[in-house]
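Numbering (this note's numbering), first residue to last: 315 to 753.
Positions of the beta carbon are idealized from the N, C-alpha and C atoms, including for glycine.
Fair warning: this is a prediction, and the values are worked out from it, not measured in the lab.
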């Protein structure tokens with residue numbers, strides 16, 4: 315018998331169905347109502363006294379990761395009949411089945427005198443009465459315990475859904491402080507769930523639109539440090555930065571890395587007009603991609619690097635266009651009513667996320683790469699600047715609420731339009747960019 319999470323996705327024909335797994339426990343996309351899969355994550359077993367607190371913390375983060383997707387529902391510990399006190403003890407399947415736990419995650423944690431942390435876990439299909447695959451083990455440092463919890467959750471998520479996880483990732487964003495008429499902005503980085511915030515720049519100059527490199531070790535961003543917009547690249551580990559040269563020292567903005575991690579596409583203004591350029595970030599050489607009297611900006615590469623989607627008002631209003639990276643004619647892909655901007659290609663390559671302004675409202679939406687099957691996921695006073703999770707399943711964006719004194723915050727939403735929720739940050743936040751999965 316197959317145990318399913320039934321998702322109300324019949325209207326979303328553009329979604330890629332989750333592949334059926336060979337094991338009984340799986341998630342299937344079909345018609346019906348939302349029935350998140352009930353699961354249990356008993357506190358992980360500490361294998362030595364030093365690991366007691368970390369064992370409890372690890373299991374809580376694993377649970378929060380899975381529950382936060384909207385696809386899983388954790389059963390409370392008060393409902394447990396069995397208690398897991400040994401990682402190697404046989405699972406009492408009837409006890410977990412009695413409380414309707416369809417999935418069970420157990421784990422064990424040890425911490426040695428040198429601060430070396432080891433986490434083991436197993437995933438069980440309760441109704442089938444079997445372990446799904448073999449258990450895994452992760453080793454790291456005590457300080458990196460949250461990452462290890464995210465790795466466990468990613469493995470569980472991948473095993474059940476058949477697609478990659480996204481929990482062991484980070485988000486770079488613009489942290490905002492101060493009143494509306496004196497807003498301070500600086501680059502910050504955090505875990506995908508808002509933990510472990512670090513500031514990468516000070517608030518002495520305005521910074522905008524940070525973007526990760528494909529390996530997550532560098533960040534491109536626009537800064538007004540010299541009084542006009544220039545592009546900088548920052549090393550995340552050392553926090554060292556350098557300005558990228560642009561032809562004639564003109565104003566440059568909206569940079570984004572190509573999949574090779576060296577090519578950068580950006581927008582540059584000359585004489586009141588902006589066009590797209592490609593730069594080799596290693597030697598600073600640039601070549602022009604577009605040459606029109608329109609304003610062209612917000613470029614984003616396809617995952618294979620062969621195409622670029624961007625925003626242009628060449629048709630009279632901001633719309634979305636796609637052109638070859640090698641140059642040539644651009645084709646328009648947005649044809650709905652309203653203004654389109656900030657397009658971003660999905661890491662899967664099948665969808666493009668965008669911002670849309672229509673009838674006084676802002677939306678985050680997705681469409682096929684040919685412009686078909688457009689679907690709006692949000693509606694608000696101001697939603698803008700989407701960024702994709704590493705697995706292409708979730709979109710994070712900036713939201714500004716009317717009457718909030720201009721304060722911005724981060725939200726995320728599933729590509730079905732479900733599970734809209736705020737992202738925890740310290741103070742105001744905008745311009746998020748999701749990293750790839752960490753190594």
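Subject >> Inter-stretch contact (C-beta, 8 Å, three-pair minimum) for the segment 734 to 747 and the segment 683 to 701 >> reply: Flag = yes, the segment 734 to 747 and the segment 683 to 701 touch.
**OP:** Give the straight-line distance between the Cα atoms of residue 744 and residue 490, rounded to the nearest whole angstrom.
**Re:** Residue 744 and residue 490: Cα-Cα distance of roughly 8 Å.
Original post:
Expressed to the nearest angstrom, what Euclidean distance is found between the alpha-carbon atoms of residue 441 and residue 594?
Top reply: Separation of residue 441 and residue 594 (C-alpha to C-alpha, rounded to the nearest whole angstrom) is 55 Å.
Subject >> Environment of residue 742 [buried if 16+ CB atoms lie within 10 Å] >> reply: Residue 742 is buried by the Cβ-count criterion.
Original post:
Beta-carbon separation of residue 663 and residue 616 under 8 Å?
Top reply: The answer is yes: Cβ separation under 8 Å.
Original post:
DSSP on residue 347, reduced to helix/strand/coil?
Top reply: Caution is warranted here: a pLDDT of 47 is assigned to residue 347, below 50, making its placement in the model unreliable, and no coordinate value can be reported.
Subject >> One or two residues paired with residue 362 in a DSSP bridge >> reply: Beta-bridge annotation (DSSP): residue 362 is not paired with any residue.
Subject >> Per DSSP, the bridge partner or partners of residue 386 >> reply: Its beta-bridge partners are 351.
Subject >> Coil, strand or helix - residue 672 by DSSP >> reply: Looking at residue 672 - three-state DSSP - the assignment turns out to be strand.
**OP:** Please list, in chain order, all residues of the same chain as residue 336 whose beta carbon is under 8 Å from its beta carbon, the five residues on each side excluded.
**Re:** The predicted model places residue 336 with a pLDDT of 37, which falls under 50 and marks its position as unreliable, so this point remains unresolved.
Subject >> Identity of the residues DSSP links to residue 659 by a beta bridge >> reply: The beta-bridge partner set that DSSP reports for residue 659 consists of 666.
Subject >> For residue 596, three-class secondary structure by DSSP >> reply: The three-state secondary structure of residue 596, taken from DSSP, is coil.
Subject >> Whether residue 530 touches residue 461 by CB criterion (8 Å) >> reply: Residue 461 sits away from residue 530, with the two beta carbons spaced by 8 Å or more.
Subject >> DSSP bridge partner residues for residue 587 (one or two, in chain order) >> reply: Beta-bridge pairing links residue 587 to 584.
**OP:** Return the residue from the list 349, 538 and 354 that minimises the CA-CA distance to residue 389.
**Re:** Residue 354 is the option with its Cα nearest to residue 389.
**OP:** Can you grab the Cα-Cα spacing for the pair residue 740 / residue 511, in whole Å?
**Re:** In a straight line, the C-alpha of residue 740 is about 8 Å away from that of residue 511.
Subject >> CA-to-CA distance, residue 601 to residue 384, given in whole angstroms >> reply: Spanning the two alpha carbons is a distance of roughly 45 Å.
Original post:
Can you give the Cα-Cα distance for residue 565 and residue 376, rounded to whole angstroms?
Top reply: Approximately 45 Å, taken between the alpha carbons.
Original post:
Anyone know if the C-beta pair for residue 570 and residue 614 falls short of 8 Å?
Top reply: Residue 570 places its beta carbon less than 8 Å from that of residue 614.
**OP:** Following the continuous alpha helix (DSSP H) through residue 409, name the residue where it begins and the one where it ends.
**Re:** Boundaries of the alpha helix (DSSP H) around residue 409: 407 to 412.
Original post:
Which value, in whole angstroms, describes the spacing of the CA atoms of residue 567 and residue 506?
Top reply: Between residue 567 and residue 506, the C-alpha separation is close to 25 Å.
Subject >> Own chain partners of residue 607 with C-beta closer than 7 Å, once the 5 adjacent residues on each side are dropped >> reply: In the same chain as residue 607, and ignoring 5 residues on each side of it, the C-beta atoms closer than 7 Å to its own belong to 587, in chain order.
**OP:** Work out the CA separation of residue 417 and residue 476 for me, nearest whole Å.
**Re:** Computed Cα separation, rounded: 15 Å.
Original post:
Quick one, which of 391, 575, 514 and 583 has its alpha-carbon nearest residue 551's?
Top reply: Selection 391, 575, 514 and 583 evaluated against residue 551 yields 514 as nearest (Cα-Cα).
**OP:** May I ask you to report which of helix, strand or coil DSSP gives residue 607?
**Re:** For residue 607, the three-state secondary structure derived from DSSP is coil.
Subject >> Cβ contact check for the segment 440 to 456 and the segment 704 to 716: 3 or more pairs under 8 Å >> reply: Fewer than three pairs of CB atoms, one per stretch, sit closer than 8 Å, so the segment 440 to 456 makes no contact with the segment 704 to 716.
Subject >> 8 Å contact criterion, which residue 421 and residue 466 should meet: CB distance rounded >> reply: Between the beta-carbon of residue 421 and that of residue 466 there is about 7 Å, and that keeps the pair under the 8 Å contact cut.
Subject >> Residues near residue 432 by beta carbon distance below 6 Å, same chain, minus five either side >> reply: Excluding residues within five positions, the ones whose Cβ falls inside 6 Å are 424 and 453.
**OP:** For residue 370, count neighbouring C-beta atoms within 10 Å of its own C-beta (all shown protein chains included) and say buried if the count is 16 or more, exposed if not.
**Re:** By the Cβ neighbour-count rule, residue 370 is exposed, with fewer than 16 other Cβ atoms within 10 Å of its own.
Subject >> Alpha carbon of residue 547 to alpha carbon of residue 474, nearest angstrom >> reply: Spanning the two alpha carbons is a distance of roughly 38 Å.
Original post:
If you scan the segment 483 to 533 from start to end, which runs of the beta strand (DSSP E) of 3 or more residues do you find wholly inside it?
Top reply: Assignment of beta strand (DSSP E) within the segment 483 to 533, counting only whole runs of 3 or more residues, yields 484 to 491, 498 to 505 and 521 to 526 in chain order.
Subject >> Candidates 464, 397 and 533: closest to residue 382 by CA position >> reply: If you compare the alpha carbons of 464, 397 and 533 with that of residue 382, the shortest gap goes to 464.
Original post:
residue 710 bridges to which residues according to DSSP?
Top reply: In DSSP, residue 710 forms a bridge with 701 and 726.
**OP:** Output yes or no for whether 8 Å exceeds the beta carbon distance between residue 712 and residue 721.
**Re:** In this structure, residue 721 does not lie closer than 8 Å to residue 712 by Cβ.
**OP:** Name, in chain order, the residues that DSSP records as bridge partners for residue 439.
**Re:** As DSSP reads the structure, residue 439 sits in a beta bridge with 417 and 444.
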